[in-house]
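Novice: Here it is, the structure, as structure tokens.
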Amino acid sequence: MIGKDGGVAEGDAHLANYRENVNFFLDPMNPSNFEIVWNRASTIYKSLGAIDAPVPPAKVKAASILAKMSEEYKEVRDLSQPTFRPGALFKTAEADASEILTKSVIISFEPNKSVLNPDYDASIPQVMEEIGKLAGAFGNAYIVVEGNTDSSRKGVVPADLVRQLSYDRADAVRKSILTKYKFDPNKFKVIGNGWDNPVPGMTDASNADHNKKNRRVEVKVFPLEKE
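Take the sequence shown: its letters are residues 3 to 229, numbered as in this note's numbering.
Dropping the structure here:
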């Protein structure tokens, strides 16, 4: 529905205005757009036996209606986006606010490098899209990207260099997400743990499987700080 200005506020909800509808229905780079939500819901309904086959999203949305309104509402801005204050996330964490969820993803980097290289790890585009969708699904939340390494070179390589490498790798993920999707940069924070945060039970530095699982990026979702 189109509401004047930002719509009528009702608790945590308001009537979506023109710009918000455009972002939801027409922006292919929005990680929580209509097509993604529709396909996700269709998959769930099909698994429950509620529908036989999904209906393509293009058959149920009328983009032409929004297009006709573009001139009339061209000055309307998106009022649904929260304000992320620089540094506020760490205050939230220090206040013992538990993260909403933690998701671990495995991204393979070339040795001693922090560049996301799809030629080296073909799953990188898919993983980036997965993180983008997660960030979009929790629009009113902070996202922490933590880089972690294995401890196979512990005692050989200085810990501060390893921690910096893990930070740079996590930051490469953050930059990739911000390049592809329209997020407030202050929504994201980056932490480099080095080898100080191994997966529980995966602490044998001589075990190749343990090392592989420890070379990971964790994405944590924190609630927006209270005013």
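Just so you know, even glycine gets a beta-carbon here, dropped at the ideal spot from N, CA and C.
1. Could you name the residues of the same chain whose beta carbon sits closer than 6 Å to that of Ala-174, not counting the 5 residues immediately before and after it, in chain order?
2. From Tyr-144 to Pro-113, what does the alpha carbon distance come to, in whole angstroms?
3. Between the stretch 152 to 171 and the stretch 203 to 213, can you find at least three pairs of beta-carbon atoms closer than 8 Å?
4. Using the rule of at least 16 other Cβ atoms within 10 Å of the residue's Cβ for burial, across every protein chain shown, is Asp-7 buried or exposed?
5. Write down the C-beta distance between Val-147 and Val-221 rounded to the nearest angstrom, noting that I regard them as a contact closer than 8 Å.
6. Which same chain residues, not among the five before or five after Val-62, have their C-beta less than 8 Å away from its C-beta?
7. Compare the beta carbon distance of Leu-136 and Lys-177 with 8 Å and say whether it is the shorter of the two.
8. If you run the structure through DSSP and keep just helix, strand and coil, what is Gly-194?
9. In terms of alpha-carbon separation, which member of Glu-131, Val-24, Gly-141, Ile-46 lies closest to Glu-77?
10. Might you give, ordered along the chain, the residues of its own chain that have their beta carbon closer than 6 Å to the beta carbon of Asn-32, omitting 5 neighbours on each side?
11. Report buried or exposed for Val-158, applying the criterion of at least 16 other Cβ atoms within 10 angstroms of its Cβ.
12. Could you check the C-alpha separation between Glu-74 and Phe-185 for me, to the nearest Å?
13. Could you work out which residue in Asp-29, Asp-121, Ser-125 is closest to Val-107 when comparing CA atoms only?
14. Name, in chain order, the residues that DSSP records as bridge partners for Pro-2.
15. In its own chain, which residues sit with a C-beta less than 6 Å from the C-beta of Phe-27, not counting the 5 before and 5 after it?
16. Under the DSSP definition of a beta bridge, which residues are partnered with Tyr-144?
17. Provide the residue(s) that pair with Asn-23 in DSSP beta bridges, ordered along the chain.
18. What's the gap between the Cα of Asp-198 and the Cα of Pro-58?
19. Which term fits Asn-142, buried or exposed, when burial requires 16 or more other beta carbons within 10 angstroms of its beta carbon?
20. Measure the CB-CB distance between Ala-172 and Val-219 and report whether it falls below 8 Å.
21. Less than 7 Å between C-beta atoms, sequence neighbours within five positions excluded: which residues of the same chain meet that for Ala-95?
Specialist: Put simply:
1. Ser-116, Leu-118
2. 30 Å
3. yes
4. Model confidence at Asp-7 stands at a pLDDT of 47, short of 50, so the residue's coordinates are unreliable and nothing is read from them.
5. 6 Å
6. Trp-40
7. no
8. strand
9. Val-24
10. Asn-25
11. exposed
12. 26 Å
13. Ser-125
14. In the structure as shown, the chain begins at 3 and stops at 229. Residue 2 is therefore absent and cannot be evaluated.
15. Phe-36, Lys-63
16. Phe-224
17. Answer is none; Asn-23 lacks a bridge partner.
18. 47 Å
19. exposed
20. yes
21. For Ala-95, the pLDDT reaches just 46, beneath the cut-off of 50, and the residue's location in the model is therefore unreliable, leaving the point undetermined.
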